[in-house]
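If you use the numbering used here, the sequence shown closes out at 398, no skipped numbers anywhere.
Where is the CB? At the ideal position from N, CA and C, for every residue including glycine.
Keep in mind the model is a prediction, meaning the values are calculated, not measured.
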Amino acid sequence: MRAVDIARRLCRRARPEYLEAFDQGDALLDEAGINTPLRLAHFLAQIFHECGGLTIRRENMRFTAAGIRETWPSRPEAVRFAGDPDGLANCVYGGRMGNGPPESGDGARYVGNGLMQTTARGAHREYGRKAGVDFEADPDLVTDPRYALLPAILEWTEMRCNELADRNAIKQIGNAINRGNPNAQKAPIGHKDRVAWFDKIWALMQAGGTAPAEPSWRAAEPDPDIADLQRLLVRLGYAVVVDGRKGPKTVAALQDFQRRNKLAVDGVAGAQTRAALHAAIDELDDPVIKAPTPPSADQPPIANPGATGTGVAVGGGAAIEGVDRIGQIILDQKDQLGPAIEPIAAVVPWVKIVLVLLTVAGVGLMAYGAWIKLRPRAGTPL
């Protein structure tokens, strides 16, 4: 299925110049390697999100005061430009990304433009140089049907999005286009909408016979990053297959872990989720034996070491203290009981087995207690 056919089916209000660009663009897409079902589906999903289903020519900078505060929280001075698109663009985009100062008007002149919403004088200059078209001198050429695909393809290929598409890495693709960094930890702005567009495109391509009749995650190449995530989940007891493909079972396991650890349940392995996964693995490998929780002033201790004679204070949680001492007590009790029950053991043989078991238990607990005290802890130089 051609890109223009997908655009016509899914973007009912598409601008004519965009449809014309796609109608002329098959060779450009093929030359850029955007020629597999996954690559084309991801490429179109990003474009359809960025320009509102092929309806947006220039970024809409008409914001309310509340919208400005939410979008640019670090620029409180921008609030005075509520309802003033050019003033807001010059305020928030002026003096950066190759633009001149706000009074130069570059912010408004080079506001988000075209299929991938190319933004700022620097990007117009650079993509124009590479495409052989002077986008800097005439930003309107970015939406000319003859050239409209060029900036979008240049941005896509520079960010190596074909490789990301092969792995079905839609979050990384979105961050490459939205943030200029595929490895950004936050989800890209509009992530859900990008995913929704991809799902529509993939289903249409499947119906048209140009995409495999299987979920996109199964058609993807293995992703080493996903495989590492799956190994962590397996270590924590989740029944997922380490195949480098982020299918529904991997997503469900990740969401369960996030839910149990009071994280945002989004199925995305961001920085906080990965840190929590590694912390859980560290605890699994090297569990911390906590000191007993001291009783509150109005609550007596559950057990009194002096009263029990065990030397073990029992507090809140699973506190363990003096395991080797417990083992020694068991051995002492066995030695004291031994002479008294020896005559009984001569008549009832299984009684002797009890003495043997007490010996084994005592020695085992003493050995375990010694190991706890002597083993190297995490971060301890060896």
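Query: Burial state of S232, where buried means 16 or more other Cβ atoms lie within 10 Å; Result: buried
Query: CA-to-CA distance, A105 to E75, given in whole angstroms; Result: 10 Å
Query: N-terminal and C-terminal residue of the alpha helix (DSSP H) that K278 is part of; Result: Per DSSP, K278 belongs to no alpha helix (DSSP H) and is neither H nor E.
Query: First through last residue of the alpha helix (DSSP H) which encompasses N199; Result: Careful: N199 lies outside any alpha helix (DSSP H) and carries neither H nor E.
Query: V281 beta carbon less than 7 Å from that of Q288; Result: no
Query: Limits of the alpha helix (DSSP H) - the one that N51 falls within; Result: Per DSSP, N51 belongs to no alpha helix (DSSP H) and is neither H nor E.
Query: Beta-carbon proximity check, E93 vs M132, cutoff 7 Å; Result: no
Query: Residues near L252 by beta carbon distance below 8 Å, same chain, minus five either side; Result: F273, L293, A296, I297 and L300
Query: C-alpha gap between D122 and G224, whole angstroms; Result: 44 Å
Query: Bounding residues of the alpha helix (DSSP H) (the contiguous stretch that carries T289); Result: A287 to D301
Query: Contacting residues, own chain, Cβ-Cβ under 6 Å from L245 (five flanking each side not counted); Result: A285
Query: CB of L70 within 7 Å of CB of Y34, strictly; Result: yes
Query: One or two residues paired with R74 in a DSSP bridge; Result: N129
Query: P32 versus I72: straight-line alpha-carbon distance, rounded; Result: 12 Å
Query: Exposure label - A13; buried when at least 16 CB within 10 Å; Result: One cannot answer for residue 13 here, as it falls past the ends of the chain, which runs 17 to 398.
Query: Where the alpha helix (DSSP H) through V256 begins and ends; Result: No alpha helix (DSSP H) contains V256, which DSSP labels as neither H nor E.
Query: Proximity below 7 Å, CB of E152 to CB of R141; Result: yes
Query: Rounded separation between A136 and Y254 - CA only; Result: 46 Å
Query: Nonlocal neighbours in the same chain, by C-beta distance under 7 Å from A185, ignoring five residues either side; Result: D239
Query: Element boundaries [alpha helix (DSSP H), containing T87]; Result: A81 to T87
Query: Pick from D215, N115 and I84 that is closest to L54, judged by C-alpha positions; Result: D215
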